[in-house]
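What follows is one structure encoded as structure tokens, with my remarks underneath.
Chains as they are written, first to last, in the numbering used here: chain H, 1 to 213; chain P, 1 to 257.
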């Protein structure tokens, strides 16, 4: 076989930690996610779910509600298609399984313990610790739930069964809001940690260290 | 090996000293950090990039794409959920582009419904003549684009039945509505023919009250609230896109549910 002949050591070819499709999808996701969050806050403000919560004007995307809606319903296609590509790519190449699984309770406790004692190890970017893995799985799940709850709100007749499953139209709005909360929470931690370990940002731009797997 | 780009005689290092403060000021990290902050700021600080003409054109093009997507998704046989009479809100919630105190009631005695466009019979309709058409009742949820909703009981003639009565060409693309309060709206033909699309004249068993669209309003179970014009005075069957009061301002035209 050609590949074996070209690689006499029988090792898989060395690839960057983040191959170019991952980098393109990551930054597409980053921009579109910010558009979705900012415009979502504009839409939310038009009829608030919690009377005590109204997002300040300087945080929302879109001057009027219709502008926020235009942003939201344009960006959703790019975010959704990008997310679908990411999941298909992750499953087909085995990346999702390799990077994010398994998550063991024992490892979670260990990582939390290390973090609390400031002993967290950043020397190897190619290995995700258990907390990292869990956060990535949670945010991917939250992203999928945003698509589901978004459909339940947008298409409560054509996809009425989803709306019913979530407990009705207003319940779907609350689920969509909570999903946003999970993603924004992730975003804050994710960006904060990325700036604390800046080589991770460089890796997501240039590809990072080479890995054989 | 010496680079071919290197000058034959090296520059005097003294020129660096002359510009030392300037060189110090240009710290790469600062530029990088500043650039990142600026990028994040433009995304986050309540900006209105949609006021840029080409950005707005792209957003509106996406909205047209969403119209087509929703038209393809629309199933004329799929019914919206219906509810029990004890869930009906009385009176219904008022909504218009102005306050309820500014409603100008329509006189039912002099009211006429004009019909035009691709129809066989353009005779105007009176309240009495409308009442003679077969009546349908439905208890459906009104969902506003803002996010609030309520359950209402509406009765009147199915728009599909009415279109048949006036000999409308149902191959036409749009039904346009004009209203006494200068509101206007339009819907697609498949939605017009949906069994839960009514020209409503009654709410919760009584004639619709003035603030809610007396004597005639549209109620469709498959579209957002603003797609349901009140105080209708004219209906046109047409292939020319009629737009709508809110869609003309950037709200999605199809706005199906």
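Heads up, the beta-carbon is just placed ideally off N, CA and C, and yes, glycines get one too.
query, result
"Listed by chain order, chain H residues near residue 185 of chain P by CB distance under 8 Å", "Within 8 Å Cβ-Cβ: nothing; residue 185 of chain P doesn't reach chain H, min ~15 Å."
"Identity of the residues DSSP links to residue 137 of chain P by a beta bridge", "P:155"
"Cβ of residue 80 of chain P within 7 Å of any chain H Cβ", "yes"
"heavy atom of the ligand SAM below 6 Å from residue 108 of chain H C-beta", "The ligand SAM is not part of this structure, which contains no ligands at all."
"Cβ pair count under 8 Å reaching 3, the stretch 104-112 of chain H against the stretch 86-99 of chain P", "no"
"Neighbour-count burial assignment, residue 252 of chain P, 16 or more Cβ in a 10 Å radius", "buried"
"Residue burial classification, residue 45 of chain H (beta-carbon count within 10 angstroms, cutoff 16)", "buried"
"Within-7 Å CB hit, residue 138 of chain P to chain H", "no"
"Spatial neighbours of residue 179 of chain H in its chain, beta-carbon cut-off 7 Å, leaving aside the 5 residues before and after", "142, 145, 146 and 149"
"Proximity below 7 Å, CB of residue 59 of chain H to CB of residue 71 of chain H", "no"
"Contact with chain H by residue 152 of chain P, beta-carbon distance below 7 Å", "no"
"Contacts of residue 63 of chain P in chain H (Cβ-Cβ under 9 Å)", "69, 70, 73 and 74"
"Where residue 63 of chain H meets chain P, residues with beta-carbon distance less than 8 Å", "48, 50 and 51"
"Buried versus exposed, by CB contacts within 10 Å (16 or more), residue 122 of chain H", "exposed"
"Which listed residue (P:237, P:219, P:85 and P:59) has its alpha carbon closest to that of residue 163 of chain P", "P:237"
"Alpha-carbon to alpha-carbon, residue 198 of chain H and residue 209 of chain H", "14 Å"
"Which listed residue (P:180, P:204, P:158 and P:128) has its alpha carbon closest to that of residue 229 of chain P", "P:180"
"Closer than 8 Å at the beta carbon, the chain P residues around residue 66 of chain H", "246, 249, 250 and 251"
"Rounded separation between residue 98 of chain H and residue 81 of chain H - CA only", "23 Å"
"Beta carbon proximity, residue 157 of chain H to chain P, threshold 7 Å", "yes"
"Beta-carbon proximity list for residue 143 of chain P, same chain, < 8 Å, skipping 5 on both sides", "149, 224, 225 and 257"
"Chain P residues whose Cβ lies nearer than 7 Å to that of residue 160 of chain H", "81"
"Any chain H beta carbon closer than 7 Å to residue 149 of chain P", "yes"
"First through last residue of the beta strand (DSSP E) which encompasses residue 175 of chain H", "First-last for residue 175 of chain H: 169-196, but that is the alpha helix (DSSP H), not the beta strand (DSSP E)."
"Inter-residue Cα distance where the pair is residue 52 of chain P and residue 61 of chain P", "14 Å"
"Residues that residue 222 of chain P contacts on chain H, provided the C-beta gap is smaller than 9 Å", "157 and 158"
"Neighbour list for residue 199 of chain H in chain P, Cβ cutoff strictly below 9 Å", "Simply none; closest approach about 14 Å."
"Cβ contact check for the stretch 106-123 of chain P and the stretch 131-138 of chain P: 3 or more pairs under 8 Å", "no"
"Which of helix, strand or coil DSSP assigns to residue 199 of chain P", "strand"
"Boundaries of the beta strand (DSSP E) in which residue 149 of chain H is found, first to last residue", "Run containing residue 149 of chain H: none in the beta strand (DSSP E); it sits in the alpha helix (DSSP H), 130-154."
"Interface partners of residue 146 of chain H on chain P, CB under 7 Å", "Ordered by position in chain P, no residue passes the 7 Å Cβ test against residue 146 of chain H, which lies about 16 Å from the chain."
"Beta-carbon neighbours of residue 173 of chain H, restricted to chain P and to distances below 8 Å", "147"
"Through-space distance from residue 231 of chain P to residue 124 of chain P, alpha-carbon basis", "15 Å"
"Cβ neighbour criterion (16 or more within 10 Å) applied to residue 12 of chain P", "exposed"
"Contact list for residue 66 of chain P against chain H, beta-carbon separation under 7 Å", "73"
"Of the listed residues H:51, H:153, H:35 and H:184, nearest to residue 48 of chain P (C-alpha basis)", "H:35"
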